[in-house]
Amino acid sequence: DTGVSQDPRHKITKRGQNVTFRCDPISEHNRLYWYRQTLGQGPEFLTYFQNEAQLEKSRLLSDRFSAERPKGSFSTLEIQRTEQGDSAMYLCASSLSTSGGEQYFGPGTRLTVT
Amino acid sequence: AQSVTQLGSHVSVSEGALVLLRCNYSSSVPPYLFWYVQYPNQGLQLLLKYTSAATLVKGINGFEAEFKKSETSFHLTKPSAHMSDAAEYFCAVQRGSQGNLIFGKGTKLSVKP
Chain A
10 DTGVSQDPRH KITKRGQNVT FRCDPISEHN RLYWYRQTLG QGPEFLTYFQ NEAQLEKSRL
70 LSDRFSAERP KGSFSTLEIQ RTEQGDSAMY LCASSLSTSG GEQYFGPGTR LTVT
Chain B
6 AQSVTQLGSH VSVSEGALVL LRCNYSSSVP PYLFWYVQYP NQGLQLLLKY TSAATLVKGI
66 NGFEAEFKKS ETSFHLTKPS AHMSDAAEYF CAVQRGSQGN LIFGKGTKLS VKP
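Okay, structure coming up:
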């Protein structure tokens, strides 16, 4: 078990460009979560999947954001027309769908929009 | 709505001293509570979790936390701080029984030699 992995670890982009991040969860985990963390704050929930179904999206997830988990394994998070306010650490976590099941986090992707 | 409040954005202790990081929660249902640690430019690592099996929960690296329903608290402690404990610590409550985590703003722990 190699844990949750995320790619890339760092991304610098210019305002208005599109970016896509990838998350590979722990293999037997059927739940996958995306969070966003800005400097000095705790992570904030964006969206989560159970298998390939996207079950919930936060109001933080504007229409410029889209997430997929096509085969219930890895997931991608795309941000279109990036803005400077999108600069943050994007964290992925996975878990089993059990009550109180702990979420295991990846190392994150740090996005800087210039 | 569920929420957590971490008291003190920054705590500084001497090496070997007691570590106490405070967390209070708000929940209308029995909560699932977690403590995570984050080292610079890294993801979050689970320290321990409370799921109602026992009020005193032991975690990794010598940390433990006590669930006190009457005080709606879940404070994190360690008897003797090490330099390697310097990091940011986050308390979180799970939304419902299987939902996303709701995090506090974090407490940065500094350890002085």
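In order, the protein sequence lines correspond to chains A and B. Counting in the numbering used here, the first sequence runs from 10 upward without gaps. Counting in the numbering used here, the second sequence runs from 6 upward without gaps. Heads up, the beta-carbon is just placed ideally off N, CA and C, and yes, glycines get one too. Predicted model, so just to flag it, every value in this text is computed and none were measured.
Checklist entry - Taking the alpha carbon of K110(B) as the point to measure from, which residue in L26(B), S17(B), N46(B) and I65(B) has its own alpha carbon closest? => result L26(B)
Item to check | Residues bridged to F39(B) (per DSSP) | outcome: K54(B) and A97(B)
Checklist entry - Is the shortest distance between the beta-carbon of F54(A) and the beta-carbons of chain B less than 8 Å? => result yes
Checklist entry - G25(A) to T91(A), Cα distance in whole Å? => result 5 Å
Checklist entry - Mapping DSSP to helix, strand and coil, what is S71(A)? => result coil
Item to check | Nearest-angstrom beta carbon gap, L55(A) and G48(B) [assumed within contact, 8 Å] | outcome: Contact flag wrong, Cβ pair sits at about 15 Å.
Checklist entry - Who are the near neighbours of K113(B) in its chain, counting only those whose CB is closer than 7 Å to its CB and skipping five residues on each side? => result S14, H15 and E93
Next on the checklist: Within 10 Å of its beta-carbon, does N105(B) have 16 or more other beta-carbons around it, so buried, or fewer, so exposed?
Outcome noted: buried
Next on the checklist: By DSSP's criteria, F79(B) is part of a beta bridge. Which residues make up the other side?
Outcome noted: F72(B)
Checklist entry - Whose CA, out of Q99(B), F108(B) and I107(B), lies closest to the CA of S108(A)? => result Q99(B)
Item to check | Residue-chain proximity (E111(A), chain B), Cβ-Cβ < 8 Å | outcome: yes
Next on the checklist: Quick check: F108(B) and Y30(B), are their CB atoms within less than 8 Å of each other?
Outcome noted: no
Item to check | Beta carbon proximity, Q7(B) to chain A, threshold 8 Å | outcome: no
Item to check | H19(A): first and last residue of the uninterrupted beta strand (DSSP E) it sits in | outcome: H19 to T22
Next on the checklist: Taking DSSP's pairing of strands, which residues face K63(B) in a bridge?
Outcome noted: E69(B)
Checklist entry - Can the beta-carbon of L53(B) be found less than 8 Å from the beta-carbon of V42(B)? => result no
Checklist entry - At a Cβ cut of 7 Å, what residues of the region 100-118 of chain B count as close to chain A, listed as they run along the chain? => result S102, Q103, N105, L106, F108, G109, K110 and G111
Checklist entry - Skipping 5 residues on each side, what residues in its chain have a beta carbon closer than 8 Å to that of E125(A)? => result Outside the modelled stretch of chain A, which goes from 10 to 123, sits residue 125(A), for which no answer is possible.
Next on the checklist: Rounded to the nearest angstrom, what separates K23(A) and T121(A) at their Cα positions?
Outcome noted: 8 Å
Checklist entry - What residues in its chain sit with their C-beta under 6 Å from that of N27(A), if we drop five residues either side in the sequence? => result Q89
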